[in-house]
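Trainee: Numbering of the sequence shown is given in UniProt numbering, commencing with residue 1 and proceeding in unit increments.
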Amino acid sequence: MESSKPYRASKRVADSTKAQAETELSNARKAVRDLALKIEQTNSRAKVMKEKQPKNQKRYEQEHEDYRYAQVVKEVEQITREMNKLKLDMTNVLTEKRHAGNIFKALSSKRSTLLSAVERIKKEIEGIDEEHVLVELARIEAVKEQQVIEAQRKEEANRYQKELEEVRKKAKEVDQQNELELEQELQVTLYNVNLLENELARVKAPKGSRPGLLQTLTNELETAKTELANIKTEGFNFMASMDVIRNELKRVREEKSPLQKQDEKRELTVETLNSKILKEKAKLESIKMTTEKANSVASNLSVTVEQLRAETETTKKETELIVNEIEKLKLEIPKTESEIELSEKRLESVMDELKTAKSLESTALENLKNLIDSIVRDRELTSISKSTITITSFEYEYLTGKAGGAEEIADKKVAAAHAWMEALKANEKEIVMKIKTAKKEIRVVSMEVEDDGGDVYGTEPGGRRRTVDASPRRSMYKIGSMTPGRRARSVKLLSPATRQAIKSASFTKKKERESRNLGKLLDENDEMG
């Protein structure tokens, strides 16, 4: 959009300059027609005045005709200047049309690069969507694996806890049973020992006791010994069972340590998976943001592409109209040139008639001088003898009434000629100012277009130029290279010196021919004067 604005401005300037050129051409044609009519009118008036006016007014008419002849020459020179300016304006319009064509080509190339950029961004969005789907699938699989691992870990922890509780319960039961049995046996043994001590005391007492008691005591001692031996064996068995329980506890602890390591490893894997999942979530968020940005960029690019298409269609239509109008102007230029040639031929014929009229007037003036000299001599001779001078009735009427009327008419004609010359000068100044303003606008527009081209064709590190930057319409796609030499050359083409240098051979020949004709006419006029 930014690149189409200078093109529209240049097109508007070209249209305005073309309209001004057309108006100036029409004004020049009107001026040529007016000059031709005025020349014919002066010729007819000269013929009528030659037929009607007497000989003594020929000098005044000759002076008036010389003045009119000088005015006509000046007007012809002014018209030729205006025609030259119009032709220069036409060449400027053609250069602007070429410049607009170059801008149109640049816009079309930019449109193609933008379309390729849109396609590339669409492909990148599709690839990002595929990566997003893969990341989602990986995340789902990781979540499932995490859930399975956590369930297995919980089941194994529950199983190990149950086994430990059962072992602890068994150990407690065995300890309680052994303690109760040992306490009972110790109480029995203590009771038996007390009984034995009492019996020994009895035995050691008097000898009058019976031998049967000794036997019973010995039997009881043996039974007590056997019971003590049984108690010892049970104690050894209890110690062995306690060793077995300790070994089982050690085995359970040994089995529990790798399970704990496995649990730690699983926890580490779960933590790593959680960190990976968080990273993938961050990546997904960034991918979503990039996809949203890409979608917005793609929508903006599509809108810009549609706008560029519409603008290209309008520019095509406008260029076609400009080409048609330029062709029409080209067809009208030879017509105007033929009219100018006809007017020049008419001027030459009028100049020839003026030459013949001046030759006749010079002969008539010589005759008048001779007559006037003879009349003056006669009057001087008569004035010597008389105090009065006799004049003719025609001279008297001329001196009294007609001379004043003729002087008033001559003054009016001179004032009208001055006013007409002032109007022509003002029109010429206005045309010159319009052409200067148009040239300034064309220069400004051309400089803006060149500056806009420099912004569009940004430079890359390797010296090449690229069209689209990061801001969506200017990115990493190349349009073409424009060297500084070409830019300077295009600026030079828009300078006034080169505009004046671009002229056709026929136009220069015609200008030389007109200048020669005007020089000859001025020289002849000086000789006649």
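We put the CB at the ideal spot given by N, CA and C, even for glycine.
One question on the structure: do Lys263 and Arg153 come within less than 9 Å of each other, judged by their Cβ atoms?
Mentor: Here the question's residue 263 lines up with position 263 in the sequence shown. Here the question's residue 153 lines up with position 153 in the sequence shown. In the sequence as presented, Lys is not what sits at residue 263; that position holds Asp. Yes; because the gap between Cβ atoms is below 9 Å, this pair is in contact.
Trainee: Of the choices Lys369, Arg111, Thr80, whose alpha-carbon is the least far from that of residue 606?
Mentor: Examination of residue 606 is not possible in this model, given that the chain is present from 1 through 529 alone.
Trainee: Can you give the beta carbon distance from residue 563 to Ile326, rounded, assuming they're within the 8 Å contact cut?
Mentor: Nothing about residue 563 can be reported from this structure: the residues present for the chain run from 1 to 529 only.
Trainee: Report the option in Phe238, Phe236, Ile435, Leu190 whose CA atom is closest to the CA atom of Leu221.
Mentor: Locating residue 221 in the sequence shown gives position 221, where the first residue counts as 1. That would be Leu190, whose Cα lies nearest to the Cα of Leu221.
Trainee: Measure the C-alpha to C-alpha separation of Lys85 and Glu341 and round it to an integer number of angstroms.
Mentor: Taking the sequence shown and counting its residues from 1, one reaches residue 85 at position 85. Taking the sequence shown and counting its residues from 1, one reaches residue 341 at position 341. So the alpha carbons of these two residues sit roughly 17 Å apart.
Trainee: Using alpha carbons as the reference points, say which of Gln187, Glu344, Glu130 lies closest to Thr80.
Mentor: The residue labelled residue 80 in the question sits at position 80 within the sequence shown. For the residues Gln187, Glu344, Glu130, the minimum Cα distance to Thr80 belongs to Glu344.
Trainee: With a Cβ-Cβ cutoff of 9 Å, do Leu259 and Glu156 count as a contact?
Mentor: As a first step, residue 259 must be located in the sequence shown, where it is residue number 259. As a first step, residue 156 must be located in the sequence shown, where it is residue number 156. Yes, these two residues count as a Cβ contact at 9 Å.
Trainee: Using only alpha-carbon positions, find the residue among Leu278, Phe238, Val193 that is nearest to Val143.
Mentor: Numbered from its first residue, the sequence shown carries residue 143 at position 143. For the residues Leu278, Phe238, Val193, the minimum Cα distance to Val143 belongs to Leu278.
Trainee: Rounding to the nearest angstrom, what Cα-Cα distance links Lys30 and Glu348 in this structure?
Mentor: If you number the sequence shown from 1, residue 30 lands on position 30. If you number the sequence shown from 1, residue 348 lands on position 348. When rounded, the distance between both Cα atoms is 20 Å.
Trainee: If we call anything under 9 Å between Cβ atoms a contact, is His132 one with Leu321?
Mentor: Against the sequence shown, residue 132 aligns to sequence position 132. Against the sequence shown, residue 321 aligns to sequence position 321. Result no, Cβ atoms of His132 and Leu321 do not sit closer than 9 Å.
Trainee: Thinking C-alpha only, which one of Glu77, Asn274, Val252, Glu124 is nearest Ala138?
Mentor: By 1-based counting over the sequence shown, the position of residue 138 is 138. The option with the nearest alpha carbon to Ala138 is Asn274.
Trainee: Excluding sequence positions up to five away, which residues of its chain have a Cβ less than 8 Å from the Cβ of Lys122?
Mentor: The count along the sequence shown starts at 1 and reaches residue 122 at position 122. Within the same chain, Ala298 come within 8 Å of Lys122 by CB-CB distance, once the 5 residues on both sides are set aside.
Trainee: Going by other Cβ atoms of all chains shown within 10 Å of its Cβ, with 16 needed for buried, is Ala426 buried or exposed?
Mentor: Taking the sequence shown and counting its residues from 1, one reaches residue 426 at position 426. Ala426 is exposed by the Cβ-count criterion.
Trainee: Using only alpha-carbon positions, find the residue among Gly235, Arg443, Gln146, Leu368 that is nearest to Glu183.
Mentor: Along the sequence shown, one-based indexing puts residue 183 at 183. Answer by Cα proximity: Gly235.
Trainee: Between the beta-carbon of Ala171 and the beta-carbon of Ile231, is there less than 9 Å?
Mentor: For the purposes of this step, residue 171 is identified with residue 171 of the sequence shown, where counting begins at 1. For the purposes of this step, residue 231 is identified with residue 231 of the sequence shown, where counting begins at 1. Their beta carbons are not under 9 Å apart, which means Ala171 does not touch Ile231 by this criterion.
Trainee: Run the CB neighbour count on Thr218, radius 10 Å, all protein chains shown included, and call it buried at 16 or more, exposed below.
Mentor: Locating residue 218 in the sequence shown gives position 218, counting from the first residue. Label assigned to Thr218: exposed.
Trainee: Whole angstroms are fine: how far does the CA of Leu114 sit from the CA of Leu301?
Mentor: For the purposes of this step, residue 301 is taken as residue 301 along the sequence shown, with counting starting at 1. For the purposes of this step, residue 114 is taken as residue 114 along the sequence shown, with counting starting at 1. Straight-line Cα distance between these residues: approximately 7 Å.
Trainee: Between Ile128 and Ile287, which are expected to be in contact by the criterion C-beta below 8 Å, what is the C-beta distance as a whole number of angstroms?
Mentor: Residue mapping note: residue 128 aligns to position 128 of the sequence shown, counting from 1. Residue mapping note: residue 287 aligns to position 287 of the sequence shown, counting from 1. Yes, Ile128 and Ile287 are in contact; Cβ-Cβ is about 6 Å, under 8 Å.
Trainee: The ligand MN heavy atoms versus the CB of Glu156: any closer than 8 Å?
Mentor: No copy of the ligand MN occurs in the structure displayed, which carries no ligand at all.
Trainee: Of the choices Leu164, Val414, Thr290, whose alpha-carbon is the least far from that of Glu254?
Mentor: Counting from 1 along the sequence shown, the entry for residue 254 is found at position 254. Cα-wise, what sits closest to Glu254 is Leu164.
Trainee: Got a sec? Which residues, its chain only, sit under 8 Å from Gln20 by beta carbon, not counting five neighbours each side?
Mentor: The sequence position of residue 20 within the sequence shown is 20, counting from 1. Correct list, in chain order: Asp89, Lys434, Ile435, Ala438.
Trainee: Can you list, in chain order, the residues of its chain with a C-beta nearer than 7 Å to that of Met421? Leave out the 5 residues immediately preceding and following it.
Mentor: The count along the sequence shown starts at 1 and reaches residue 421 at position 421. Excluding sequence neighbours, Met421 sits near Gln71.
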